[in-house]
Amino acid sequence: MAEKAKEKPSKEPFPGAYFVGLAITLGLLIVVVAVGAGMPPALSGFLVALLLGLTVNPKYALGFLSAGVLAALLGFAGNEPQVAWGGLGLILASLVVRRFVKS
Numbered sequence: 001m002a003e004k005a006k007e008k009p010s011k012e013p014f015p016g017a018y019f020v021g022l023a024i025t026l027g028l029l030i031v032v033v034a035v036g037a038g039m040p041p042a043l044s045g046f047l048v049a050l051l052l053g054l055t056v057n058p059k060y061a062l063g064f065l066s067a068g069v070l071a072a073l074l075g076f077a078g079n080e081p082q083v084a085w086g087g088l089g090l091i092l093a094s095l096v097v098r099r100f101v102k103s
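Residue numbers (the working numbering): 1 to 103.
Structure below.
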C-alpha cells in the first residue's frame, strides 16, 4: 500500500503551488475590498462582485448567476444599493464566464 502512495504523481505543478495560489488569491481579495471600501456603496458593490465573480469556475457559473439575480432582486426591493448593484455585477460576471471561459 505504501508503494502505491509513492507512485502516485503530485497534482501540484511545483511544490507549494497551492500555497502560492492561496497567497495570491488572499492578496487580491484584500486589495479589492480595500479599494471598494473607499467608494460609494453602489459602485463598490458592483466592482467587487464583478471582479470576484470573474474568478468563478465555469462549472459553478449558473449557481452564481442565480445568486446574483436573488441579490439584485432583494437589494432593489430592500433599498440596499450595495447588495443590488453587487447582484448585477455578479450577474454580468457569471454571463461573461459562461460565455467566454471554457471549462
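We put the beta carbon where it would ideally sit given N, CA and C, even for glycine.
Values in this document were obtained by computation on a predicted structure and should not be read as measured data.
Span separating the alpha-carbon of A49 from that of K59:
Straight through space, the alpha carbons of K59 and A49 are spaced by roughly 18 Å.
Distance between L43 and F107 (C-alpha atoms, nearest Å)
For the chain, the structure presents residues 1 to 103; residue 107 sits outside this window and is missing.
Of the residues L65, T55 and G87, which one's Cα is nearest the Cα of G25?
Strictly speaking, residue 25 in this sequence is Thr, with Gly absent from that position. Per the Cα distances, T55.
Does the contact criterion of 3 or more C-beta pairs under 8 Å hold for the segment 26-45 versus the segment 62-70?
These segments do not touch.
Looking only at C-alpha atoms, which of A84, A23, A17 and V97 sits nearest to L62?
The candidate whose alpha carbon is nearest that of L62 is V97.
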